[in-house]
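These notes concern the structure reproduced below.
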Amino acid sequence: MQLVLEKRAERSTKIAILSPLLAIALTLVTMSILFAILGKNPVAALIVYFVEPLTDSFTLMEIAVKATPLVMIAIGLSLCYLANVWNIGAEGQFIMGAVCGSWLAVVTNGTGAGPWVLPAMLVMGAAGGALWALIPALCKVKFGANEILTSLMLVYVADLIMDYLVRGPWRDPKGMNFPTTASFDPVATVPALFETGRIHWGALAALIVVALATVMLGRTIKGFEIRVVGAAPRAARFAGFSSSRLVLFTFAVSGALAGLAGIIEVAGPVGVLQPGISPGYGFTAIIVAFLGRLNPVGILIAGLFLALTFIGGEGAQISMKIPLDLTKVFQGILLFYVLACDSLILYRIRLIATQKKASHGTA
Amino acid sequence: MGLLEAIIISVIAASTPLLLAAAGELVVERSGVLNLGSEGMMIMGAACGFAGAWLTGSTFIGALFGIAAGCALSLVFATLTLGLAVNQVAAGLALTILGVGLSGLIGAGFVGEKIVPAPHLYLPVLTDLPVVGKILFGQDGFVYFSVALVAAIWWFLYHTRAGLVLRAVGDSHTSAHALGYPVLKIRLLAVLFGGGCAGLGGAFLPLAYTPFFIPGMTAGRGWIALALVVFSSWMPGRLAAGAYLFGAVTILQLHAQAFGLGIPSQLMTALPYLATVIVLVLISRARGSAGSVAPASLGIVFVPDR
C-alpha cells in the first residue's frame with residue numbers, strides 16, 4: 001500500500017476555506033504535545049496563550065498594536081508572492097523605514113518644529129523602506145541576481161546601520177550611554193487613539209491599507225497584472241505585461257509598506273529608535289501572508305491571530321515560565337501546516353495498492 | 364607562529380561551516396530541490412550538537428547529534444515538498460523560522476555552559492613543520508572531513524552512475540521519471556544528505572569554533588552558504604574556492620576591527636553580507652547572456668503520474 005498525490009480536476013473551494021482552520025487545529029494539537037514535553041499542563045497553557053489575552057481590554061489593545069505592523073507588512077509581501085516575486089527582506093525594509101523617518105525626529109528634537117514633522121516622517125519612512133527594497137529588485141532586474149538571497153542579506157546590513165546610528169551619531173546624550181535616541185517630541189509621535197492603552201492611529205492606517213489592497217487586487221489592471229504574471233508567466237508575456245516592471249513595482253510597494261510600518265512602530269508604541277524595535281515582524285509577516293491566503297481580508301484576520309500568539313507567549317512566559325522561543329516554534333509549525341493543508345486544495349491524497357513486480361519465470 | 368600562518372588557520376576555521384553546509388546544499392540543488400532552510404538546519408545542528416557534546420563529553424557524539432538534527436529538519440521539509448508538493452521556497456522559509464525557534468528552546472538550558480573544544484590533530488615532526496605544519500597537519504576533524512566531503516561529492520557527481528542519475532533528476536525530472544528512475548526517492552536522499560551536512564556545519568560552531576552556544580550564533584551563515592552554491596555555478600571545486608574566499612572576508616573584517624582603523628565596527632561586521640550581495644550581482648551579470656547554469660528543474664514541484 002502506498003500514499004500518492006493525485007491532482008484534482010479543479011481546485012476545491014471547500015478545502016480552500018477549511019485549510020487555514022485545519023492548519024490551526026493541527027498546530028494546537030502539536031503545541032499541546034510540546035507543552036506536555038516541557039512539563040506544563042497543555043490545557044492551562046493553551047488557555048494562557050489563546051484565551052486569556054482576549055478577556056482583558058488592555059491585552060486586546062496590545063493585540064491590535066502588534067497586529068498593525070504585521071498586517072501592513074504582510075499586505076505588501078502578499079503582492080510580491082502573488083506575482084511570484086520573493087521578497088523575504090521585509091525585516092530590513094521595516095528597520096530602514098524606521099531609521100529614515102527617525103532622522104527627522106532626531107534633527108528636529110527640541111527645536112519646537114511644527115506639526116508637519118510627523119507626516120514628513122511617515123513619508124520618509126515609506127520612501128526609506130521602498131528604496132531599501134529596490135536594491136534587491138534592481139539587482140534582479142538588471143543583473144538577474146537571486147532576490148531571495150540579496151533581500152535577506154540586506155536585513156543584516158539594515159540592522160547594523162541602525163545599531164551604528166543609535167550607538168554613535170544619534171545616541172541620546174542624556175541617555176546614560178544606552179544605545180537609544182532621545183524620546184521623540186510630541187509632534188514626532190503617532191497619537192494614541194484612546195486616553196488609555198497604546199493603540200494608536202497606525203491601526204487605522206493598517207485597515208486602510210487592507211481596503212486599498214482589496215480594491216487594487218480585485219478592481220484594477222495592476223492587480224490583474226500581478227495575478228496573471230504570478231499564475232501564468234507565459235500568458236502574461238503574450239499580454240504584454242513586463243515581469244521586470246512588476247518586480248520593481250511589487251518590491252517598491254512592499255518595501256514602502258514595511259518602511260511605513262517601521263516608522264509608525266517607532267513613532268507610535270516605542271517612541272524612540274533603539275535596537276530590538278522588532279521582534280521579527282518582517283519574518284512573522286511572511287507567515288501572516290500565507291495563513292491569510294495572500295488575500296487582504298484573510299491577512300487582517302491572520303495578523304490578529306499571530307499578534308495573539310505574541311501576546312499569549314509573553315503571558316505564558318510570565319505566568320507559566322514557558323520560554324518565549326516557543327512562540328517562534330509555534331509560528332514555524334503553523335506555517336508548515338498551512339502549506340501542507342493548502343496542498344490539499346489542488347491535490348487529493350489516495351491510498352493505492354503497490355504494483356507487484358512481474359515475477360520472472362515459473363517455479 | 365607567524366601572523367600569516369595564524370591568519371590562514373583562522374580563515375580555514377571561518378570557512379569550514381560554510382563549506383560543510385554549502386556542499387550539502389549543492390547536492391540537494393543538483394537533484395532539483397531548493398531547500399532554503401539551511402539557516403534553520405545549521406542553528407539546530409549547533410544547538411543539538413552542543414547539547415550532545417555537553418551531555419556525553421564527546422565532540423564526535425556532539426557532531427552526530429548535529430547531523431541527526433539537520434536530517435530530522437530536512438525530513439520535515441522533504442515530507443512537505445516531495446510528499447505534499449508544497450512550494451519549496453515557502454517550505455524552506457518555514458524550516459528556518461522553525462529551526463531558529465526550536466534551537467532557542469533547546470539551547471536555552473545550555474547558554475553559559477562550556478565544553479572542551481574539538482581536539483586538533485597532532486603528528487610529531489609533521490605538525491611542527493614551519494609555516495605549513497599547523498595548516499596541513501594541525502586542524503580539527505571537521506576541517507579534514509569538509510575537504511574530503513567536497514572531494515567525495517565531486518567524484519560522486521561526475522564519476523559515478525548514481526551521480527549521473529542525480530544530475531539527470533535535477534535537470535529534467537520528467538525525463539528521469541520516464542526512464543524509470545525514482546525521482547522522489549532520489550530527491551529524498553539528497554535532501555536528507557543536505558540536512559546532515561548543514562547540521563554538521565552548524566555543530567562545528569559550538570564544538571570547534573567557540574566552545575559555547577549562543578542563540579542565533581549561525582548569524583546568517585546558512586544564507587551565505589546558499590549564496591555560495593549560486594556563486595559556485597553548482598560545481599564542487601568552485602564551491603570550495605568560494606567558501607575560503609568568504610572565510611577570508613570574515614577574518615579580514617575581524618582583523619581590521621582589531622586594528623581599529625577608525626571605521627565603524629558595524630560596517631566591518633556588515634562586510635560578509637555586503638560581499639554576498641556584490642558577488643551574487645557580479646556572478647549573475649557575468650553569466651547574463653550565457654544563460655543559466657542552474658539545474659533546469661531547480662525548485663519546480665514534481666508530482667509523478669502513475
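Protein chains in written order, with this note's numbering: chain A, 1 to 363; chain B, 364 to 669.
Where is the CB? At the ideal position from N, CA and C, for every residue including glycine.
In this text, all values refer to a predicted model and were calculated from it rather than measured experimentally.
Q: Compare the Cα-Cα distances from A130/A to each of L22/A, P20/A, L60/A, F251/A and report the closest residue.
A: Numbered from its first residue, the first sequence carries residue 130/A at position 130. Nearest C-alpha to A130/A among L22/A, P20/A, L60/A, F251/A: F251/A.
(Q) At the 8 Å Cβ level, is Y49/A part of the contact set with chain B, yes or no? (A) Residue mapping note: residue 49/A aligns to position 49 of the first sequence, counting from 1. Interface criterion not met: the Cβ of Y49/A is under 8 Å from no Cβ in chain B.
Q.
Does the structure place the stretch 512–521 of chain B close enough to the stretch 381–395 of chain B that three or more beta carbon pairs sit under 8 Å?
A. The stretch 381–395 of chain B, when compared against the stretch 512–521 of chain B, does touch it at the 8 Å Cβ threshold.
Q: Examine chain A for any beta-carbon lying closer than 8 Å to the beta-carbon of V439/B, and answer yes or no.
A: What you label residue 439/B is simply residue 76 of the second sequence in a count that begins at 1. Output row for V439/B: interface = yes.
Q) Shorter than 8 Å from the beta carbon of N41/A to some beta carbon of chain B? A) Counting from 1 along the first sequence, the entry for residue 41/A is found at position 41. So no, N41/A is outside the interface.
(Q) Considering just the uninterrupted stretch of the alpha helix (DSSP H) at Y400/A, what are its terminal residues? (A) Residue 400/A is absent from the structure shown; chain A starts at 1 and stops at 363.
**Q.** Inter-residue spacing [alpha-carbon to alpha-carbon] between L367/B and A604/B
**A.** What you label residue 367/B is simply residue 4 of the second sequence in a count that begins at 1. What you label residue 604/B is simply residue 241 of the second sequence in a count that begins at 1. The straight-line gap from Cα to Cα measures roughly 19 Å.
Q: Please report how far the alpha carbon of Y501/B lies from the alpha carbon of E392/B, in whole angstroms.
A: Taking the first residue of the second sequence as 1, we reach residue 501/B at position 138. Taking the first residue of the second sequence as 1, we reach residue 392/B at position 29. Before going further, note that residue 501/B is Gly rather than Tyr in the sequence given. Straight-line Cα distance between these residues: approximately 33 Å.
Q) What residues of chain B sit near W86/A, judged by a beta carbon separation below 8 Å? A) Start at 1 with the first residue of the first sequence, and residue 86/A comes out as number 86. For W86/A, the chain B residues whose C-beta falls within less than 8 Å of its own C-beta are V452, listed in chain order.
Q.
Comparing C-alpha positions only, which one of L248/A, G101/A, K14/A, G197/A sits nearest to G144/A?
A. Taking the first residue of the first sequence as position 1, residue 144/A is located at position 144. For the residues L248/A, G101/A, K14/A, G197/A, the minimum Cα distance to G144/A belongs to L248/A.
Q: Kindly list the residues whose CB is nearer than 6 Å to the CB of Y337/A, restricted to its own chain and excluding five residues on each side of it in sequence; keep chain order.
A: Position 337 of the first sequence, counted from the first residue, corresponds to residue 337/A. Counting only Cβ-Cβ distances below 6 Å, and skipping sequence neighbours, we find A23, L26, T27.
Q) Ends of the beta strand (DSSP E) at Q2/A? A) Here residue 2/A refers to the residue found at position 2 of the first sequence. 2–7 is the span of the beta strand (DSSP E), which, as asked, contains Q2/A.
Q.
In whole angstroms, give me the CA-to-CA distance for G533/B and L397/B.
A. For the purposes of this step, residue 533/B is taken as residue 170 along the second sequence, with counting starting at 1. For the purposes of this step, residue 397/B is taken as residue 34 along the second sequence, with counting starting at 1. Rounded to the nearest angstrom, the two C-alpha atoms are 10 Å apart.
Q | Within chain B, the residues that D163/A reaches when beta carbons sit closer than 8 Å | A | Position 163 of the first sequence holds residue 163/A. Residues of chain B with a Cβ closer than 8 Å to the Cβ of D163/A are, in chain order, Q629.
Q.
Looking at chain A, is there any beta carbon in it that lies within less than 8 Å of the beta carbon of L447/B?
A. Within the second sequence, the letter at position 84 stands for residue 447/B. Output row for L447/B: interface = yes.
Q. Can you tell which of F184/A, M162/A, L246/A, M61/A has its C-alpha closest to the C-alpha of W201/A?
A. Working through the first sequence from its first residue, we reach residue 201/A at position 201. With distances taken between CA atoms, W201/A lies nearest to M61/A out of F184/A, M162/A, L246/A, M61/A.
Q) Where G412/B and L461/B are concerned, what is the direct C-alpha to C-alpha distance, given to the nearest angstrom? A) On the second sequence, position 49 is the one that residue 412/B refers to. On the second sequence, position 98 is the one that residue 461/B refers to. About 17 Å.
Q.
I need the boundaries of the alpha helix (DSSP H) containing T393/B, first residue and last residue.
A. Within the second sequence, numbered from 1, the residue matching residue 393/B stands at position 30. The residue asked about is misnamed: residue 393/B is Arg in this sequence, not Thr. Boundaries of the alpha helix (DSSP H) around R393/B: 366–393.
Q: Assign N146/A to one of two classes, buried (16 or more other C-beta atoms within 10 Å of its C-beta) or exposed (fewer than that).
A: Here residue 146/A is taken as the residue at index 146 of the first sequence, counted from 1. Under this definition N146/A is a buried residue.
Q) Quick one: is M176/A buried, meaning 16 or more other Cβ sit within 10 Å of its Cβ, or exposed? A) On the first sequence, position 176 is the one that residue 176/A refers to. The residue is exposed, with fewer than 16 neighbouring Cβ atoms inside 10 Å.
Q: Output, in sequence order along the chain, the residues in the stretch 582–597 of chain B whose CB is closer than 7 Å to any CB in chain A.
A: Answer set for the stretch 582–597 of chain B: G583, W586, L589, A590, V593.
Q: Report back the beta-carbon spacing between F94/A and P69/A to the nearest angstrom; my notes put them in contact at under 8 Å.
A: Residue 94/A sits at position 94 when you count from the first residue of the first sequence. Residue 69/A sits at position 69 when you count from the first residue of the first sequence. With 8 Å as the limit, F94/A and P69/A qualify as a contact, their Cβ atoms being about 7 Å apart.
Q | Within the stretch 145–169 of chain A, ranges of the beta strand (DSSP E) (whole runs, at least 3 residues) | A | Entirely contained in the stretch 145–169 of chain A, not one beta strand (DSSP E) run reaches 3 residues.
**Q.** Buried/exposed call for V640/B, threshold 16 Cβ in 10 Å
**A.** Here residue 640/B is taken as the residue at index 277 of the second sequence, counted from 1. Only buried fits V640/B, as 16 or more other CB atoms lie within 10 angstroms of its CB.
Q) Whole-angstrom Cβ separation of G565/B and P380/B, contact assumed at under 8 Å? A) The residue given as residue 565/B occupies position 202 in the second sequence. The residue given as residue 380/B occupies position 17 in the second sequence. Indeed they touch by this definition, with Cβ atoms about 7 Å apart.
Q. Is I333/A close to chain B, meaning its C-beta is less than 8 Å from at least one C-beta of that chain?
A. To locate residue 333/A, count along the first sequence from 1; it is residue 333. At least one chain B Cβ lies under 8 Å of I333/A.
Q. According to the neighbour-count rule (16 or more other Cβ atoms, all chains shown, within 10 Å of its Cβ), is D668/B buried or exposed?
A. Here residue 668/B refers to the residue found at position 305 when the second sequence is read from its first residue. Exposed, since its Cβ has fewer than 16 Cβ neighbours within 10 Å.
Q) How close, in whole Å, do the beta carbons of G76/A and A258/A come, if the pair is a contact with beta carbons under 8 Å? A) Locating residue 76/A in the first sequence gives position 76, where the first residue counts as 1. Locating residue 258/A in the first sequence gives position 258, where the first residue counts as 1. Under the criterion of beta carbons closer than 8 Å, G76/A and A258/A qualify as touching, at roughly 6 Å.
Q: With DSSP collapsed to three states, give me the class of T27/A.
A: Residue mapping note: residue 27/A aligns to position 27 of the first sequence, counting from 1. Helix at T27/A.
Q.
Can you check whether the C-beta of H360/A is within less than 8 Å of a C-beta belonging to chain B?
A. Locating residue 360/A in the first sequence gives position 360, counting from the first residue. Any answer about H360/A is weak, because its pLDDT of 49 lies below 50 and its placement is not dependable; what the coordinates show is given next. It does not: the Cβ of H360/A has no partner Cβ on chain B nearer than 8 Å.
Q. Applying the criterion that 16 or more other CB atoms from any shown protein chain within 10 Å of the CB defines a buried residue, is K14/A buried or exposed?
A. For the purposes of this step, residue 14/A is taken as residue 14 along the first sequence, with counting starting at 1. K14/A comes out exposed.
Q. Y636/B CB to nearest chain A CB: under 8 Å?
A. Within the second sequence, the letter at position 273 stands for residue 636/B. So yes, Y636/B belongs to the interface.
Q | Contact set for L568/B: own chain, Cβ-Cβ below 7 Å, skip 5 residues either direction | A | On the second sequence, residue 568/B is found 205 positions in, with the first residue counted as 1. Within the same chain, Cβ atoms closer than 7 Å to the Cβ of L568/B are found at P380, A409, M580, T581, the five residues on either side in sequence being excluded.
Q.
Let's see if you can read the secondary structure: which residues bound the alpha helix (DSSP H) around I311/A?
A. Along the first sequence, one-based indexing puts residue 311/A at 311. In this chain, the alpha helix (DSSP H) harbouring I311/A covers 296–320.
Q: Name the residue from T309/A, I318/A, D163/A whose alpha carbon lies nearest to the alpha carbon of F374/A.
A: In the structure as shown, chain A starts at 1 and stops at 363, and residue 374/A therefore has no counterpart that could be examined.
Q | Endpoints, the alpha helix (DSSP H) within which F178/A is located | A | Translated into positions along the first sequence, residue 178/A becomes position 178. Counted as a single uninterrupted DSSP element, the stretch harbouring F178/A is not any alpha helix (DSSP H), since DSSP gives it neither H nor E.
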